[in-house]
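What follows is a set of notes on a single structure, which appears directly below.
In the working numbering, the protein residues as written are 646 to 1218.
Structural data, given as structure tokens:
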């Protein structure tokens, strides 16, 4: 070796280098890098993601679809999108022709139309005119369609704007009640009447001239806005078919209820009965009120929460509320205020598995309801009351001493009818005798709840069917179940549901007087409207009868039977 040790420069081969069996070909500039030995653990191979999970929750899908529709609204149609639309249409047409050829050769069965245009418009979020423009442009000269006059996009302001008519629940309720009132009077309702109504309630304003008439251009724009709003809210303008007509029995029941209800309210304070309302309901274990909960549609991990659990088991409950004491001018004590009646809360979990599905009324029966009515409700009423309840079957049961016609023999029916002095036709069959017994019981024997209430100075008033808006306790159920549902989470058990339900009733007992009074007032206002309509109908019918009688008098005076009419009614020509 020549030279001193200081001049010695080690070669690359003498640098710390891996063994020969670990050497690999690599660029010369990276020769100085250390290659890890073979014994080193290699990083885990992570394949590229080729699939993305779509949320399985329907609510999440609808929210994503809604947000995507807003983003697509007003966007330009590019050449790339046009080509994809054409390719999708051609593929669908190809599959349709293949399927048509296969089925025609086998059994001659017809293939359903492909509906290519409708499916393409739905999948790509485009309108039928845009679809036709894209296809015609490509089929004509093989060019891709692009929006805009010169294919450079649309012009103008594309930002979303507020609608002229506010799309709020309050406006929807106002218009619905307006149209309902017109239809009740059998008046013709069009978009023009709706426009005039919205102007009268200051929902929209239309520019008018000096003579107070709407300016034609301003009227046209406002009228078009009303038409669009009605179409958006699914109003139809055509001949209605299959209207639901209220039965005469329901109308008669409603009229009786309204007359008795307002007769009690219009009586002197010392003669009024205190209003009491009772009802039954239920709540499921997984009942929740997360419909108005905040969530981010762009957060995929947030919306992919999995399948929503089933309803689970349920708790059934019953209770009664009462109005303010009508015999006290100013209620100072809680017992004189409107509120929940002490000791009437009845909650239980059905034991049978089948009782947790279907109609919840099947867990109640005449025996357990009459026992609750007799032992829980009546002892807690401190003054004569007007007890209002619906027409559930277990409310309308008779006492044990009342015979059941379906189980009676012919001799028993004859004995019962003779004891009650009911006329029996000759050669009456067992079916006819049972019908006579049933009619007699229905007309002369009170229900068990009515009998028990009357013995203690109370009165039972049945609300008409299909009129839950006359029962304020339905609003109480909404408040109670809403309070339980807002506390729901993944750890909620049936025992927690029971505890939260009882806690809601306790809160209602101590501080729910004003809320219940407001609910009773709201239902009373609804019944007042129905009662006023009933009185107006009676006045109109009396006017019609007077008009008919006048017409009859004129017919008598002009007819030939003059001798049958009184002399003072005969008019001289």
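Each residue gets a CB set at the ideal place from its N, CA and C atoms; glycine is no exception.
Roughly how many angstroms separate the alpha carbons of residue 1091 and residue 1031, rounded to a whole number?
-> 16 Å
For residue 1005, the first and last residue of its enclosing beta strand (DSSP E) | Looking at the DSSP string, residue 1005 is not in any beta strand (DSSP E), and its letter there is neither H nor E.
Grouping DSSP H, G and I as helix and E and B as strand, with all else coil, what is residue 984?
-> strand
Just the Cα atoms here: how many angstroms apart are residue 874 and residue 1017?
-> 51 Å
Among 855, 816, 965, 1109, the one whose alpha carbon lies nearest that of residue 878 = 816
Identify the continuous alpha helix (DSSP H) that holds residue 769 and give its terminal residues.
-> 761 to 769
Closest to residue 1124 by CA distance: which of 905, 710, 928, 1057 is it?
-> 928
Measure the C-alpha to C-alpha separation of residue 1046 and residue 996 and round it to an integer number of angstroms.
-> 30 Å
Let me know if residue 725 comes out buried or exposed under the rule of 16 or more other beta-carbons within 10 Å of its beta-carbon.
-> exposed
Using only alpha-carbon positions, find the residue among 1142, 848, 924, 863 that is nearest to residue 1121.
-> 924
Opposite residue 991 in the DSSP bridges: which residues?
-> 963
Compare the C-alpha of residue 1298 against each of 790, 792, 736 and name the closest.
-> What the structure shows of the chain is the stretch from 646 to 1218, and residue 1298 is not part of that stretch, so it cannot be assessed.
Do three or more CB pairs link the stretch 836 to 844 to the stretch 775 to 793 at distances below 8 Å?
-> no
Taking one C-beta from the stretch 1060 to 1077 and one from the stretch 985 to 996 each time, how about it: are there three or more such pairs within less than 8 Å?
-> no
Roughly how many whole angstroms lie between the Cα atoms of residue 852 and residue 866?
-> 11 Å
Between which two residues does the beta strand (DSSP E) harbouring residue 871 extend?
-> Run containing residue 871: none in the beta strand (DSSP E); it sits in the alpha helix (DSSP H), 861 to 877.
Cα-Cα separation between residue 712 and residue 706, rounded to whole angstroms = 10 Å
Name the DSSP beta bridge partners of residue 1105, please?
-> 1032
What do you reckon, are the CB atoms on residue 1103 and residue 921 nearer than 9 Å?
-> yes
Give the DSSP-derived three-state secondary structure of residue 922 in the structure shown.
-> strand
Would you mind working out which of 933, 1136, 857, 899 sits nearest residue 1173, comparing C-alpha positions?
-> 899
Indicate whether residue 811 and residue 919 have their beta-carbon atoms separated by less than 9 Å.
-> no
May I ask you to verify whether the stretch 1075 to 1094 touches the stretch 1127 to 1146, counting CB pairs closer than 8 Å and requiring at least 3?
-> no
For residue 1086, which residues does DSSP report across the bridge?
-> Its beta-bridge partners do not exist; DSSP assigns none.
If I'm right that residue 1022 touches residue 1075 with Cβ under 8 Å, what's the distance once you round it to whole angstroms?
-> 39 Å between Cβ atoms; not a contact.
Would DSSP call residue 1161 helix, strand or coil?
-> helix
What number of angstroms, rounded off, separates the C-alpha of residue 789 from the C-alpha of residue 721?
-> 13 Å
Assumed close pair residue 846, residue 814 - CB separation to whole angstroms, cut-off 8 Å | So it is not a contact: roughly 15 Å between Cβ atoms.
Determine the direct distance from the alpha carbon of residue 1140 to that of residue 906, and round the result to whole angstroms.
-> 40 Å
What first and last residue would you give for the alpha helix (DSSP H) that runs through residue 783?
-> 773 to 786
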